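In this text, residue positions in the sequence shown follow my numbering: the first is 97, and each later residue adds one.
Quick reminder that beta carbons are idealized off the backbone N, C-alpha and C, glycines included.
Fair warning: this is a prediction, and the values are worked out from it, not measured in the lab.
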Amino acid sequence: MTNLSVRETSRVLRAAVAAAAVVCTVVACSPVSNNEGETSGGDQSAGQDSFGTPADPAAVKQGGKLVIALSAEPDALDPTLSRSLYSRYVFQAMCQKLYDVNEQAQVVPQLATALPTTSGDGRTVTIPLRPGVRFADGTAFDSAAVKATLQRHLTNARSARKSELGPIDGVDTPDAQTVVLRLKQPFAPLLGALADRAGMIMSAQALRAKGDDFASAPVCVGPFKFAKRVPQNSIEVVRDPNYYDASKVHLDTISWRILTDASIRAANLRSGDAQVADSISTQDVAALRQDPAVSVLQSQSLGYQGLTINIGNVDGVGTAAKPINRPLAQNAKVRQAFEHAIDRKALVDAVFNGLHAAACSPISPASTFSSPEAQTCPAHDPAKAKQLLAEAGVQTPYAVTMLASNTPDTLRLAQALQSMVKDGGFDLKINPVEYSSLLDEQDRGNFELLQLGWSGRIDPDANITNFVGTGASQNVAGYSNPQLDSLLTQARQSGDVEQRRKLYGQAVTVLQQDDALIYLYRQRNLTAVSKQIQGLQVYPDGVIRAAFAGFGK
């Protein structure tokens, strides 16, 4: 396996160590040392991180419209239902959370006023809330709104947050500025979950009025509020005068325009039709770095890109798994054969100019929860792949159809995989679809093999359990293994970092035996920004932070 070196992962993923230390303050973990370095706001070489720097208020104009060229259309703008990274870009501007992740990948208060306090048995978590805050519809942000949001996350039939929130048994509101979460058992990943979509608080009035149609007119607390959405074209938000920290907001409007072709996004940036372009193609990075009018922000992802195999999702995600009459679904040897047919390093070198890094695990090599067991990687071995297919009684070439996003970079990856796995006895067929359609198809179980990734979270549980735990809300594979469930549950309940590290190593071993999800690589978050813009930042969580940016004077 080609592991990420400490230098290559740089400061971003080492910051996960600091994040673990912060999380441990909530769950009584052992402290973890922080090994931070310096951050630069300017362009960096391929192996260094560049997050951007906060805007200097004296150097930024008031007003203006920021246009962001977006590589894929966000899914539902509903924190309970959303599953895509792209919706998180929009939420960052209009749906604040109880907690956020800062530049050092540390959890910090946002709509809360302090980190939670936890009882000695780890089963009662108390969160203090900001006073005097209003939603975009003018209603009060208070403990009742937090309770309504969390209960919706936990009970909505289509919720993508239920698994993330774990064993919450009840939500109490002793006063307007205090929320108390009662847990069935200790839950180490809770703080990390509340620093993402599970912690985005929605207007109770809007929830009552819109119900499951909340995404058509979402109402939260944020620097901006929802204005309009043109499907497959654009999303627009406008400055919210109700925002509690309105003096920090410089722009009038932010517009995300859906441009799936990376070359077109880069062209829009150069022409001035857009000031930001997300997910820059690795093919364009060198040229953009040479452009004096453009900065390239980059950070190593906390997540992964991988292949999900449908082994039991017949009636849709969240329903009971059922047998699928395909060798790929029925026999782990066929799935293991597919993994042995893949040369990860050759893949990232050829398709991504070596800017991304091979990965075989949902746990970053630089995470405090990593271990040799968590980084073990099945070797590229086409002969072994053919042997496993023969043992499974499968005739070769064995045809497999892969659902993939229709973006140029993804199609180049798919075509490289198609060529690569031939030597292992596979005939890979590619079915490209638009990104939001891909999300719908995966949820319905209308796929055999799926190429998709995850942008990553600071606690490893959020990169694993929701995707492979039995009945988990994003387990689109329909995968279930009681041994894995037991390991993940123990890791969720443990307050000891070393024990969690050991358990996650064991979990990766099980995952690689079953191969319902084959991890391929970790990408760099690459964002190009016009030098007209100040204050735009991209942190280790991969989210573009545009809410406090502005045009330079």
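By DSSP, does residue i sit in helix, in strand, or in coil?
i	result
R278	strand
R620	strand
R179	coil
R293	helix
K482	helix
D268	strand
D523	strand
E332	strand
Y185	helix
Q514	helix
A232	coil
V221	strand
I360	helix
Y531	helix
Q491	coil
S457	coil
I554	coil
P127	Because the pLDDT of P127 is 26, which lies under 50, any placement of that residue in the model is unreliable, and the number read from its coordinates should be weighed accordingly. P127 falls in the coil class under three-state DSSP.
L606	For the record, residue 606 in the displayed sequence is Val; it is not Leu. DSSP places V606 in helix when its eight states are reduced to three.
R588	helix
G137	The pLDDT assigned to G137 is 38, lower than 50, so where the model puts this residue is not dependable; a value taken from the coordinates is nonetheless given after this. Correct three-state label for G137: coil.
Looking at residue i: is its Cβ nearer than 9 Å to the Cβ of residue j?
i	j	result
I267	T222	Rather than Ile, the amino acid found at residue 267 in this sequence is Val. No, they are not a contact pair.
Y531	E199	no
Q371	L622	no
S457	P636	no
Q608	T472	yes
A416	G567	yes
L548	Q401	yes
G295	Q206	yes
L384	A362	yes
L317	F187	One detail in the question is off: residue 317 reads as Val in this sequence, not Leu. No, these two residues do not count as a Cβ contact at 9 Å.
G159	H346	yes
S239	A272	yes
Let's test the definition: count the other Cβ atoms within 10 Å of the Cβ of residue i and tell me whether it reaches 16, buried, or not, exposed.
i	result
T497	exposed
E435	buried
A643	buried
S367	exposed
Y536	Going by the sequence as given, residue 536 is Asp instead of Tyr. With fewer than 16 Cβ atoms within 10 Å of its Cβ, D536 is classed as exposed.
G565	buried
S141	Since pLDDT at S141 reaches only 44, below the 50 mark, its modelled position is unreliable, and the value read off the structure follows with that caveat. By the neighbour-count rule (16 or more Cβ atoms within 10 Å), S141 is not buried but exposed.
For the candidate residues the options, whose alpha-carbon lies nearest to that of residue i?
i	options	result
A650	H346, V381, V345, R620	Any question about residue 650 goes unanswered here, given that the chain covers just 97 to 649.
L279	L290, P263, P285	P263
M516	V204, A383, A433	A433
A475	Y615, G160, L246, A189	Y615
S180	L207, I164, D292, Q202	D292
Q491	G520, A470, Q514	G520
L277	G288, D271, D265, P285	D265
T356	P528, G638, E594, L546	P528
F310	G414, T176, K429	T176
H249	G307, Q579, A201	G307
A488	K441, N427, T605	N427
A342	I360, V229, Q379, L246	V229
I629	I331, P212, P337, I350	I350
N449	G541, D411, I376	I376
Pop quiz: residue i and residue j are said to be a contact at Cβ under 8 Å. What is the actual Cβ separation, rounded to whole angstroms?
i	j	result
A425	Y617	With a Cβ gap of about 24 Å, A425 and Y617 do not count as contacting.
L166	Y182	6 Å
G601	S467	4 Å
L509	P314	Not really, about 32 Å apart at Cβ, beyond 8 Å.
A573	A612	4 Å
Q619	G148	At roughly 18 Å, the Cβ-Cβ gap does not stay under 8 Å, so Q619 and G148 are not in contact.
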